[in-house]
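These notes concern the structure reproduced below.
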């Protein structure tokens, strides 16, 4: 079973080998100063908890070993119940593989583990979600056990001895599962259903990435640094239109291919150099795509018209090749490229000994960066929070199509929502969107109508809620306007560094969907649920905000801001 090893920088040049789809940019070996900077980088990362203690790492290995034993026991029990010949019984196998950040060796303290249960052909998916689920249920170490069988990639989630684990399932067309099974073998995909192919994909991609970098330890330390930087700069979230863990890993892997002998301090700098100048939408590829003649859909803009519209394609190296960044929008790409440029400027200073690594990991204050914001709130019901979060990028897409908006930036960090003194109406989760408006020359006032942008987003959420059977009859959408000086009523004090004296007034409502951005508006707007009758005008007006006391429904409240002293739109999901 593959497990990550401790992080030590390897400085010796590797056996000459060609990595990637192009020749390397540089084969220069590291200097003593590069090694010193790499050691300083390691020390700068430690306070952020990116390295796990050896004892905790050993505990993870022990837990995975127990889980692997349970899988083998379960598959043997299933085999006996299905009258598998005795000659095969001892070798029927079954195995737990890991993928994601743990398999890459870059997991942080307290991180969960992504795992895959691989079984022979006589073990059905229904067996996994019934008898294996029950076997897990019997284990004293297992807590918070839940099955999500209807997910795009079906999964069993659990906590095993305090470690969160997500387990996928794949049934291979093999009589037995050997211990030395290599999941990178494309032949294993033959005669598999789509659920098994999707489940295998995480392991196959992770293993290919590790196979395609010249020095795994330098890759790991560089990736730890880049992931921390991305999280600190609010650009780490696949679901919100930025990049997720596998995409960051592939960008770092490509950098390693281009500078195969470089150590982490150099690679971090080269990462920013390469991708601040990358000519998007040219794709990032770690290897030439291969066609296995299995008729599976792959990313290919020559064949698939929709692939031509991807803005920042980063292509997974395992068949079937996919674009891991299909969620990226114009705004999120622009934000990331600008961050790459700033990262390059900072690492230039670091390499010249004009700055320390800590400067790279300084977190910018989101609420000082953007004068205008929108905020989303949601009851603490995990499936509905996931529903709304997965659709926020649609709202961002709607906003960036508005001719008066130049950029919309979702903060991937969520915050506790406000409490109004009534437990039945207590919000739990909030997302924030920063907005840049276009500067209009020769005009002090800017009239912006966002009714359609918001309505389109809420309609999408409603439709998804209905189709996924989450819709409640009392779902309602309402608009709320928040002034900058009132942000402290919504956000933790530590989030807002500079605050004026706050008024004690409550949050006010607004009644115009078309608002002069140079004026404060204090009235209310309400957008109806799909079951209500909407007025024929573009501005939907309600006499007052109505909030559902039921924890099973949700209410969206939106408002937008005047130009002076306003924090922006606020969306409440009840």
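Numbering (full-length UniProt numbering), first residue to last: 1 to 574. By construction, the Cβ of each residue, glycine as well, lies at the ideal position given by its N, Cα and C atoms. Since we're looking at a predicted model, the values are computed, not measured.
Span of the beta strand (DSSP E) around residue i
i           : result
residue 117 : 113–119
residue 146 : 142–148
residue 164 : 163–171
residue 413 : 405–415
C-beta contact flag for residue i and residue j at 8 Å
i           : j           : result
residue 391 : residue 460 : yes
residue 98  : residue 112 : no
residue 172 : residue 118 : yes
residue 104 : residue 220 : yes
residue 228 : residue 57  : no
residue 50  : residue 240 : no
residue 209 : residue 60  : no
residue 142 : residue 158 : yes
residue 205 : residue 226 : no
residue 396 : residue 329 : yes
residue 310 : residue 281 : yes
residue 245 : residue 101 : yes
residue 412 : residue 160 : no
residue 287 : residue 21  : yes
residue 179 : residue 95  : yes
residue 334 : residue 407 : yes
residue 404 : residue 437 : yes
residue 136 : residue 294 : no
Opposing strand residues paired with residue i [DSSP bridges]
i           : result
residue 98  : 115
residue 263 : The partner list for residue 263 (beta bridge, DSSP) is empty, contrary to what the question assumes.
residue 236 : 243
residue 158 : 165
residue 436 : 407
residue 93  : 177
8 Å Cβ shell around residue i - same chain, five flanking residues per side excluded
i           : result
residue 247 : 238, 314, 324, 325
residue 362 : 232
residue 19  : 212, 213, 214, 256, 257, 260
residue 89  : 76, 79, 80
residue 222 : 252, 255, 256, 264, 267, 268, 271
residue 642 : One cannot answer for residue 642 here, as it falls past the ends of the chain, which runs 1 to 574.
residue 401 : 453
residue 356 : 40, 44, 350
residue 121 : 171, 172, 173, 174, 175
Nonlocal neighbours in the same chain, by C-beta distance under 7 Å from residue i, ignoring five residues either side
i           : result
residue 153 : 168, 198, 199
residue 272 : 340, 343, 344, 347
residue 123 : 75, 78, 171
residue 265 : 34, 37, 38, 41
residue 146 : 157
residue 317 : 205, 208, 209, 212, 286, 287
residue 224 : 45, 50, 106
residue 216 : 210
Residue interval of the alpha helix (DSSP H) (run including residue i)
i           : result
residue 130 : Premise fails: residue 130 is in no alpha helix (DSSP H) and is neither H nor E.
residue 192 : Residue 192 -> no alpha helix (DSSP H), and no H or E assigned at all.
residue 73  : 54–81
residue 36  : 32–45
residue 588 : Any property of residue 588 remains undetermined from this structure, which presents the chain solely from 1 to 574.
residue 354 : Run containing residue 354: none; DSSP gives neither H nor E here.
residue 139 : Looking at the DSSP string, residue 139 is not in any alpha helix (DSSP H), and its letter there is neither H nor E.
residue 51  : Note, residue 51: premise wrong, no alpha helix (DSSP H); not H, not E.
residue 369 : 366–369
Same chain only: Cβ atoms within 6 Å of residue i, ignoring 5 sequence neighbours per side
i           : result
residue 91  : 176
residue 299 : 307, 315, 321, 322, 323
residue 26  : 259
residue 423 : Low confidence applies to residue 423: its pLDDT is 49, below 50, so where it sits in the model is not reliable, and the reading given next is rough at best. Once the five neighbours on either side are set aside, residue 423 has no close Cβ partner at all.
residue 6   : Confidence at residue 6 is low in this model, with a pLDDT of 40, below 50, so the placement of that residue should be treated as unreliable; the coordinate-derived value is given next. Excluding sequence neighbours, residue 6 sits near nothing in its chain.
residue 284 : 254, 314
residue 129 : 147, 149
residue 186 : 292, 319
residue 194 : none
residue 109 : 49, 52
residue 107 : 101
residue 393 : 240, 241, 327
Contact test: residue i Cβ vs the ligand HEM heavy atom, cutoff 7 Å
i           : result
residue 407 : For the structure depicted, the ligand HEM is absent and the ligand set is empty, with no information on it obtainable.
Check your understanding: Considering only residues of the region 276–338, which uninterrupted beta strand (DSSP E) runs meet the minimum length of 3 residues and lie entirely inside it, listed in chain order?
Key -> none
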